[in-house]
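> Residue numbers (my numbering): 452 to 541.
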């Protein structure tokens, strides 16, 4: 491949991927939150959507406050240590 054909790598793609993975992990928590109270499953679903929105903005190169992207990445990195588990069935 000649140099003119090489695509520059996106320095933000790792963050985008990390945020999307965390959003998927959060959605995986939903069964654990279902206990007859619909409000409880709202939290992981809404937070997952928020992380997806931040990932979309980063991926497009939108201007974003550092505190927003760093907070979203902090959540994503924390979730790496606590993957969703299957709900315990009696």
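Just so you know, even glycine gets a beta-carbon here, dropped at the ideal spot from N, CA and C.
Since I believe residue 523 is in contact with residue 470 (beta carbons under 8 Å), could you give me their beta-carbon distance rounded to a whole number of angstroms?
6 Å
> Run the CB neighbour count on residue 538, radius 10 Å, all protein chains shown included, and call it buried at 16 or more, exposed below.
Caution applies to residue 538, whose pLDDT of 44 falls short of 50 and renders its modelled position unreliable; the value that the coordinates give is listed next. Per the 10 Å Cβ criterion, exposed.
> Looking at residue 474 and residue 503, is the spacing between their C-beta atoms short of 8 Å?
Yes. Within cutoff.
> How would you call residue 505, buried or exposed, if buried means at least 16 neighbouring beta carbons within 10 angstroms?
Under this definition residue 505 is a buried residue.
> Taking the straight line between their C-alpha atoms, what separation do you get for residue 501 and residue 530?
Taking the straight line joining both Cα atoms gives about 14 Å.
> Skipping 5 residues on each side, what residues in its chain have a beta carbon closer than 8 Å to that of residue 492?
481, 484, 485
> For a test of the three-state rule: what should DSSP assign to residue 499, helix, strand or coil?
For residue 499, the three-state secondary structure derived from DSSP is helix.
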